[in-house]
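The structure appears below as structure tokens.
There are 2 protein chains.
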Amino acid sequence: MDKTYRQILKWGDKHEQAITPMMIEVLKEKLGVTDTDFETKYLSGQQEIKLEKKSALKQEQLDFIKNIVGEENILTDDFSRANFSYGKFYAELLKLRLNEIPNPPDIVVSPKNDDNIIKLVAYCNSHNIPIIPIGGQSSVTGALQTPNGGIALDLTKHLNKVLKINELNKSVTVQAGIYGPAFEEELNKKGYTCGHFPQSFEFSTVGGWLAAKGAGQASTGYGKIDDMVLSIKAITPAGIIETKEFPKTAQGWDIFPLFIGSEGTLGIITEVTMKVHNFMPENTSFASFIFKSFEDATTAMRTIIQSECGLPHLFRISDPSESDIAFKTKGFDNTFQDKFLKMFGYLPGKRCLMFVAVEGQKEYTKLVVKNCKKIAKKYGAMSIGQGPVKKWLEQRYSSAYLREPLMDAGIMTDTLETSVTWENMLKVWDSAHKYVSLRPKTVLMIHISHVYENGANLYFTFLSPMKKGEEKDDFIHFHKGLIETIIENGGSLSHHHGVGRVLAPWMEKQLGKTSIQAMQALKNHFDPNNIMNSGGTLGLK
Amino acid sequence: MDKTYRQILKWGDKHEQAITPMMIEVLKEKLGVTDTDFETKYLSGQQEIKLEKKSALKQEQLDFIKNIVGEENILTDDFSRANFSYGKFYAELLKLRLNEIPNPPDIVVSPKNDDNIIKLVAYCNSHNIPIIPIGGQSSVTGALQTPNGGIALDLTKHLNKVLKINELNKSVTVQAGIYGPAFEEELNKKGYTCGHFPQSFEFSTVGGWLAAKGAGQASTGYGKIDDMVLSIKAITPAGIIETKEFPKTAQGWDIFPLFIGSEGTLGIITEVTMKVHNFMPENTSFASFIFKSFEDATTAMRTIIQSECGLPHLFRISDPSESDIAFKTKGFDNTFQDKFLKMFGYLPGKRCLMFVAVEGQKEYTKLVVKNCKKIAKKYGAMSIGQGPVKKWLEQRYSSAYLREPLMDAGIMTDTLETSVTWENMLKVWDSAHKYVSLRPKTVLMIHISHVYENGANLYFTFLSPMKKGEEKDDFIHFHKGLIETIIENGGSLSHHHGVGRVLAPWMEKQLGKTSIQAMQALKNHFDPNNIMNSGGTLGLK
């Protein structure tokens, strides 16, 4: 394996994916990039990694750690330290391309078991050594940065087992470091599914899902990760939290939810007990629709989710911008079907796609889809069959691979996401488009993918040519403006990516001083020496 | 109005309800009470109230409070102070009958608005005057006791308005002091229902529902109160928490859920934004079943809730003991139908009732009931039509009135409740019956009324003759043993009554030291001078 920056900045299994010719045409048209941009790799990151900062650990500290986990479970070489310096936030990938790793962790440690972690936490707490719990490293919020060095605590090497599937309680107890596919495979064998399929599924862990408070693509039916968790085990400097699996309690306020969204700031989640669902893919019912406008589509979506006739599991709308690009890159434009749609008033620049998939008992899934169809029709939709949503599902995890060839072509691309009530939905959607339209040659695609009775998320993907030589500052400035546009118009800071260090500066304004002070008080209690993912995560000191 | 202890110990609208002749026969048979017991009122509490403890407030403090809320909004007479000394816990009712009110509040204050509360909290915080937020006073956990005196802060007089019904977001913003029926009436007018119907519905408030983390009779479909809340406003000594109504966020761990189940220990909840549901009672589908055993009934219930075919809203099982008493008191025993049931193997002492009601769109409610029928049949149930569940619904709030005539007849009666996974369900159920069977002439009825994929609640109602002259100690001893039986066999301390001061002694053991320390840290942050419902609530200092 080559030990270059490029190796680290790649997504997932590290294969390189090409941009399709049709997509290249769209990029040329929309962003003004040229064929030349696709011929060489801009800021390719192919240099071998050399870190300037040496490990700050003293020999005795290193020996102590080695003694706990064993020599085979520590890594101190430059490549390994670099590999645990960042997540997958665009600005981090840019820094890797620019060979900038000013603050790597001092060491990568893979504990063998909970007991190792208890000992490490006690030692680090008394020696003020930072600890950053690490799962699949797919964070896009700067949550995995190590501004103060310390230990990158890799949970994936050993803490990756399914401990118990409880068929009576329909629950599973699993170690936090297991990756999505391994977890799902074990559940499928017993007739269950975890129901949690974030886009990062293949390269994210159960612990990471909790830490960042993630949501999967079927969250409208199954809920976010916070709706799935029944109990946890977490190791903190203030002791071990080990909650019990009760269905619901009134034993004061619950403690385990504090760790969901804690992003490593309170302690290390090592075990999770979660609900599971019946794995019955043969029962899934599908529907795809096209609407004449985003307003019609969101009104139909709101009406469906508020109709009290069961819930879709996958439930998405691509806004006109995203729908148009989907049509173009799939070669749909100017086909017979496209002309037919236009004839009936489903026009480019206005039309948008809705996808539905419902899981559960056969009769139930059919009923929910029937209800969706009835309501979609009422709001002017044309039903376009099962094909489009099934095709979408086939490539559900692939788009993360595109970031690399896009950046190779000098294209800035990143995502943001928010949650918003129905009342503010169109306002946030519209203001985001207005903001992005001020930047020339820039595309903003928005979709809704997690739906609730009182609102939904909005997911923003933007593409624009990099301002070469000023890539970082240009991005930071543009990105900041979009964040502020979203929150000023009534969106939350995040629906499921989390906060990390990137969104931290807006936390106090967004939550209010009393709430952030309460969070800080709790942080101080669990982590009095501020060793747990310290350095600004969540806006905490 | 008479100003006696009896006036205070009565439930709800203070009418006196008689025990039916059929119920008297059952009580005579099971508890060994006699007709004489029903002729006079034991410990009737008809004495006029005289408090020994004078108000501890200084004149200047009284003047300050009067100045904030106005003279018409304070009460300092003995009856009023007595009236806010207790909730409706059996041992509290017993104390009222014994004319024991050693620790009344110093004053009852009805703030006119949030601003009044902000001023009161600031003043009390700097003068170390305890504050106990008061809603409908239906607590059965000692949560409303005032061991340190202070202000009983009555939210029901002024803070009882629906502030906004948001039809787009399908949500309502309401002041915490509104009673259930007034709240529901306003929602019904707009075509909505709150979906939260605890047995105390008529005499409990929205703020109380949150504070005690309650559950309504339709919770299997609509969730517990913690599933309904979208945002809150709470006034604490450390400042005002005012969260925003987002569908879901990943902005760190959420702060507003900390107040759900806080039982007044962190601050005063003044406003709540909640989900509402479509009010479509004409669509409700009903079913009632009888099973041959509790095992069969719970297996069917578990299978239904885990079948992924929608959810019943009301979903109950009465165990054989409760079912038998229901049959006897309704005059069903030895009827033709009873003989018919026995012939088919549904035998007294074993058979049990299941009730189902499903709300939502007509086709949905029919499908869910159809699924329940199919599964119930598989586990040997006989379908007994819509009548029994509809009759049960007609009297859904009435049983709380029975406590008074039962206690008048010298009968000890109280309830406990727990949540438990399916794995431990029969163990807790069986061990509770075994424990109670050790006490002679004692009846324990158990039902399940809130159902989840991984378990359900168990609700215990016990009746036994009072040990006259030793009523309190006898009760405390028996009650303690039942609590310990429940938790030792895997039940939680509470599913929806809350903890208060009665269950507080078990909190540390139940949650673990690390969790209770975290709760205490948060309490110390929000309420550094320990003025908020201080004196042991939730096991906090």
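Protein sequence lines correspond, in order, to chains Z and R.
Mapping to the numbering used here: the first sequence position 128 is 128, numbers consecutive.
Mapping to the numbering used here: the second sequence position 298 is 298, numbers consecutive.
Built from N, CA and C at the ideal position, the CB exists for glycine as well.
The closest CA to that of residue 411 (chain Z), considering only Z:9, Z:22, Z:18 and Z:38, is found on Z:38. R:184 is the residue among R:473, R:184, R:241 and R:160 whose C-alpha sits nearest the C-alpha of residue 278 (chain R). Closest in alpha carbon position to residue 137 (chain Z), among Z:168, Z:179 and Z:106, is Z:179.
Residue pairing by DSSP places residue 175 (chain Z) opposite Z:271 in a beta bridge. Taken atom to atom, the span from the alpha-carbon of residue 512 (chain Z) to that of residue 242 (chain R) is near 8 Å. Residue state for residue 417 (chain Z) is assigned as strand, using DSSP reduced to three classes.
Counting only Cβ-Cβ distances below 8 Å, residue 507 (chain R) has contacts in chain Z at 251 and 252, in chain order. For residue 355 (chain Z), the uninterrupted beta strand (DSSP E) run begins and ends at 352-358, by DSSP. Annotated three-state conformation of residue 403 (chain R) is helix, per DSSP. Proximity of chain Z to residue 499 (chain R) at the Cβ level (cut-off 8 Å) is accounted for by 250, 251 and 252, in chain order.
In the structure shown, residue 497 (chain R) adopts coil according to DSSP, grouped into three states. DSSP lists Z:193 as the beta-bridge partner residues of residue 277 (chain Z).
Here residue 233 (chain Z) carries a strand assignment [DSSP, helix/strand/coil].
Annotation: the segment 357-390 of chain Z contains the following complete segments of the alpha helix (DSSP H) (minimum length 4 residues), in chain order: 362-378. By DSSP's assignment, residue 154 (chain R) forms a beta bridge with R:134. Straight-line spacing of the CA atoms in residue 370 (chain Z) and residue 482 (chain Z) works out to 38 Å.
If you look at residue 1 (chain Z), you'll find it isn't in any alpha helix (DSSP H); DSSP assigns it neither H nor E. The beta carbons of residue 453 (chain R) and residue 305 (chain R) sit closer together than 8 Å.
Burial check for residue 145 (chain Z): the Cβ neighbour count within 10 Å reaches 16 or more, so the residue is buried.
Taking each of R:130, R:47, R:118 and R:64 in turn and checking the Cα distance to residue 95 (chain R), the smallest one comes out for R:47. Residue pairing by DSSP places residue 448 (chain R) opposite R:317 in a beta bridge. If you look at residue 458 (chain R), you'll find it in the beta strand (DSSP E) that goes 455-465.
Secondary structure within the segment 511-537 of chain R: the alpha helix (DSSP H) runs of 4 or more consecutive residues, fully enclosed, are 513-526 (chain order). By the 16-neighbour rule on beta-carbons within 10 angstroms, residue 72 (chain R) is exposed.
Not one beta carbon of chain Z lies nearer than 8 Å to the beta carbon of residue 210 (chain R). Sequence-ordered contacts of the segment 138-163 of chain Z with chain R are nonexistent [C-beta pairs closer than 8 Å].
The straight-line gap separating the alpha-carbon atoms of residue 50 (chain Z) and residue 79 (chain Z) is approximately 8 Å. Under the Cβ distance rule, residue 519 (chain R) counts among the residues neighbouring chain Z, one pair being separated by less than 8 Å. Collapsing the DSSP output to three states places residue 166 (chain Z) in a strand. Residue 401 (chain Z) and residue 188 (chain R) have their alpha carbons spaced roughly 51 Å apart. Contact with chain Z is absent for residue 79 (chain R), since none of that chain's Cβ atoms lies less than 8 Å from the residue's Cβ. Assigned with DSSP and collapsed to three states, residue 16 (chain Z) falls in coil, not helix or strand.
Rounded to whole angstroms, the gap between the alpha carbons of residue 276 (chain R) and residue 442 (chain R) is 42 Å. Using a Cβ-Cβ cut-off of 8 Å, residue 515 (chain Z) is close to 241, 243 and 255 of chain R, given in chain order.
C-alpha of residue 35 (chain Z) to C-alpha of residue 468 (chain Z): approximately 17 Å in a straight line. Flagged as an interface residue toward chain Z: residue 510 (chain R), by a C-beta distance shorter than 8 Å.
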